[in-house]
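Line order of the protein sequences matches chains E and H. Mapping of the first sequence onto the working numbering: residues 1 to 665, in sequence order. Mapping of the second sequence onto the working numbering: residues 666 to 816, in sequence order. Every residue gets a Cβ at the ideal spot worked out from N, C-alpha and C, and that includes glycine. Values in this document were obtained by computation on a predicted structure and should not be read as measured data.
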Amino acid sequence: MTDISLNLVELGHFAAYLAFAVALVQALAPAAARFTGAPALAWLSVRAATLVFVLTSIGGLILMHAFVVGNFSVLYVAQHSNSLLPLMYKITALWGGHEGSLYLWLWILTLYTLAVVWYGRRRYAEHLPLIAAVQGWLMVGFLGLILFLSNPFERLIPAAADGNDLNPLLQDPGMAFHPPMLYLGYVGFSVPFAFAITALITKWRSELWIGLIRRWALIAWGFLTTGILLGSWWAYYELGWGGYWAWDPVENASFMPWLLGTALVHSIAVQDRRRMLHAWNIFLVISTFSLSLLGTFLVRSGVLSSVHAFAVDPGRGAYILTFMVIVLTVSFGIFMARGRYQQAEEAITSWLSRESLFVWNNVLFTVACAVVMLGTLYPLALDALTGDKITVGAPYFNTVMVPVFLIVLLLMGVGYLVPWRKANREKLGRRLLAPVVVGIAGAALLATIFGPVHWTGPVALGLVLLALTSHLTDYARAVGVRRAQHNEPVARAMVRTVTGNRRHYGGMVVHMGILVIALGLMGSGLFRLERAVTMAPGDVLEIGAEKLRFDGVRQFREANYVAIQARFTLLNSGRAVFPERRRYPRQEAPMTETGIDSTPLRDVYAVLADPAPDERWGVHVYLNPLVQFIWIGGGIVLLGLTLTLSGRRRARAPVVAAVVPEPAK
Amino acid sequence: MHRLFLLAFLLVAAPAQADVATEDPLERQTLDIAKDLRCAVCQNQPVSESNADLARDMRVIIREQLKQGKSREEIVQYFVDRYGDYVLMNPPKHGSGFLLWLLPLAVFGVLAGSGFMYLRHRRREALPSAPALSPEDHALVEKARAEDEQV
């Protein structure tokens, strides 16, 4: 077994080197075609894309195999796996560390490139070589880092008898799939990026390609959203502090591209529909992808744990920084030189129009992104420049970001009622009446029932209700129009309205999901209860309306850890939760596993803290209202996204036909 | 196996007197203060949530000082004197942290201003030259676009 797998690893290593060579061909082919005057040469980069994917997959699968069979002569495997690890975590350990994560990034990049090439053969064949070449340059950059400075194929001779364990925190389904989702999001933004660079170089008319990147941007956004939600879900049930988002730099690193990506999917809609914001869209595309790179590197370079960790491995740090600088300089350089060829064709007609609200949407998301960036990078810069250390923690971000998000909610609520081009003030006022009344009523209700509450509570609830009502009235109006036109029963009209314009209503469903998430954030953020107590078996703890009885603890042993498990019975429902403390052989500190009982309206969240004398235990219990709304809302968002992606480009001919009588056939 | 486990629990849970566990008010006060302090050896974790030894020690110190009747401000200042502003979860509003509170406002101002200028500028400049397409033209364009999409 050993001999074969030893040779296999070298084969994988060799495949990665070959991939590097082929990626270079892919990157250079269009330029070569131009300078040698042999246009056929350019197509080489399209062909290379398939080959690079195959080679990268060979390397990736061989690495995976090394993990599965426990080939500890591979340094990376020896560092991040262990023979006792369950099979699933042996596989996911592939991206449990620095080297493997970068390899996964690259692998996904080759996959996207393959998809772009395959999808584009008929649709945008003439631009394909250059698009593939831009992707090729990114591959070259990553492969260089992987092969020369961060090599997962590096050998450990003599081989270790057994591996170090995978970090127990990562031995969890949420964390196993969080990185691939996140990377599918990050790397997905490389596709619009490649399109934008190609368009700038070839002066490809914006109208012809903006519609093509819409899907890719939405897909990337969907994966990024999923990745972020999976990450916070994991943090919630695994880390045991009762929350799901700590504004940790690692979280912020993924949130920045999400914020700008959100601005992007909105402004693409404006350009697609109203032919404006061309240059701004290209700026957003480049910035979003750059932030994806920044996110990867912030987390992967070690710069976050301390500025000095970055300097411990100067080669890697310098490479990463250089790569970032090159990508930024080249792409923004091309943008400056060629941006003027991507000109808007139409103008804003009124302050009070949907496109103008979209502009404000973009302003706010850009502000949000800039502020997160500021809070994340400022302490690093301060430390590097002056040696002063400060902490920018959750309270800062909450203070600064919540108002921005509240304004976003307001725009979302008003946006659906404001038509494109120019709104009629009177009509708008009439349409706004019901949503505003509902919003104010909800806010007042919350303020009176729940007594003194932070001002953001009623405001957020009011805005969520306003948005919800305005979305629903917009939908109801469309259903009404359809019923009148087609003489259909209500149910059919409701379905046909949605299926007839999936793009629009998919977006609306996404908004609904976001509103549900907003309710979850508000409920759990403002109305959380917590208790830190010491309990003896039989003791009962009251928290909110819940009563928990501590039943005692037991010990047990699993393949790769020893656990102490407690049992708490929820006296109201008879159900029980089982928080644990686990000791893994290679870890010093015990790990906590939370015990959570979920209903849609609240989570009871129990954590076993330290033992106390007389069989007593320290216990932390949280009552988190509406946390489930966050995950449910995430599901709705993905549902809406699928709906929107399943729709064809909105055909506008019927709208014209509605103005001009259709000629008889 | 599972049944045995339940049985074991029932046996343990037998004690007749069910005490109501109440939170020690001092503990709550301690945690409330600990929330705003950073565990200096952890990655971005407040003292209230960390299991690190240092965080435990800091919680003990907070508790002791509360017992001595010190106020929240005094206790926080005690830690700032020893660890510097770094120990505050919220950056200070003076000195090196001041910019951090000012810049978001500046960013907002600049970007909102740009948005405003864009809307005003684009509205004025482009109105006369806005192409006046007839509905028929629109239909033609749409047809071409639809075909383009289907290819």
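Per-residue burial, R492/E [other beta carbons within 10 Å of its own, 16 or more giving buried]: exposed
Pick from V481/E, V330/E and H13/E that is closest to M64/E, judged by C-alpha positions: H13/E
Interface partners of R703/H on chain E, CB under 7 Å: T391 and G393
Residues near K681/E by beta carbon distance below 6 Å, same chain, minus five either side: Within the shown structure, residues of chain E are numbered from 1 to 665, placing residue 681/E beyond reach of any answer.
Coil, strand or helix - T225/E by DSSP: helix
CB of G70/E within 9 Å of CB of L166/E, strictly: Taking 9 Å as the Cβ cut-off, G70/E and L166/E do not qualify as a contacting pair.
Nearest residue (CA-CA) to P395/E, options V533/E, V438/E, L104/E and D248/E: Answer by Cα proximity: D248/E.
Simplified DSSP assignment, three categories, for A717/H: A717/H carries a coil assignment under DSSP once its states are collapsed to helix, strand and coil.
Whether L28/E touches A133/E by CB criterion (9 Å): Yes, Cβ-Cβ distance for L28/E and A133/E is below 9 Å.
Among A21/E, G315/E, L277/E and L446/E, nearest to V363/E - alpha-carbon criterion: L277/E
Under 7 Å by beta carbon: chain E residues contacting F773/H: V367
Assigned exposure category for P537/E - 16 Cβ within 10 Å defines buried: buried
Given 8 Å, three or more beta-carbon pairs between the stretch 464 to 475 of chain E and the stretch 436 to 449 of chain E: yes
Length of the line joining the Cα atoms of T713/E and F550/E: Absent from the model: residue 713/E. The displayed extent of chain E is 1 to 665, so no value can be given.
Positions along the stretch 734 to 753 of chain H whose CB lies within less than 8 Å of some CB in chain E: G749, D750, Y751, V752 and L753
Those residues which DSSP pairs with L11/E across a bridge: Bridge partners of L11/E: none, in fact.
Host beta strand (DSSP E) of S697/H (start-end): Reading off the sequence, residue 697/H comes out as Asp, not Ser. Note, D697/H: premise wrong, no beta strand (DSSP E); alpha helix (DSSP H) at P690 to A699.
Heavy atom of the ligand GTP within 8 Å of H504/E beta-carbon: Ligands displayed in this structure: none; no statement on the ligand GTP is therefore possible.
Residue burial classification, G635/E (beta-carbon count within 10 angstroms, cutoff 16): exposed
Segments of 4+ residues assigned as alpha helix (DSSP H) that fall wholly inside the stretch 380 to 417 of chain E: 394 to 415
A381/E versus S713/H - alpha carbon distance: Their backbone Cα atoms lie some 27 Å apart in a straight line.
Reduced DSSP secondary structure (H/G/I, E/B, other) of G552/E: strand
C-alpha distance - A344/E paired with R275/E, whole-angstrom precision: A344/E and R275/E: Cα-Cα distance of roughly 6 Å.
S356/E: contacting residues in chain H (beta-carbon distance under 8 Å): L784
Proximity below 9 Å, CB of A589/E to CB of N716/H: yes
Interface residues of chain H facing W241/E [CB-CB closer than 7 Å]: Within 7 Å Cβ-Cβ: E714.
For A16/E and Y89/E, believed in contact at Cβ under 8 Å, the rounded distance: 24 Å between Cβ atoms; not a contact.
Cα-Cα separation, A475/E to R215/E: Note that residue 475/E is Tyr in the sequence shown here, rather than Ala. If you take the alpha carbons of Y475/E and R215/E, they lie about 24 Å apart.
Given A160/E as reference, the closest of L170/E, W241/E, L75/E and L184/E once Cα atoms are compared: L75/E
Any chain H beta carbon closer than 9 Å to E542/E: yes
DSSP three-state assignment for K422/E, whether helix, strand or coil: coil
Listed by chain order, chain E residues near V685/H by CB distance under 8 Å: D539, V540, L541 and E542
Closest residue to L84/E among Y584/E, Y236/E, L11/E and L571/E (Cα-Cα distance): Y584/E
N- and C-terminal bounds of the beta strand (DSSP E) containing M535/E: L529 to M535
DSSP-derived helix/strand/coil call for Q708/H: coil
Neighbour flag for R810/H against chain E, beta carbons, 9 Å: yes
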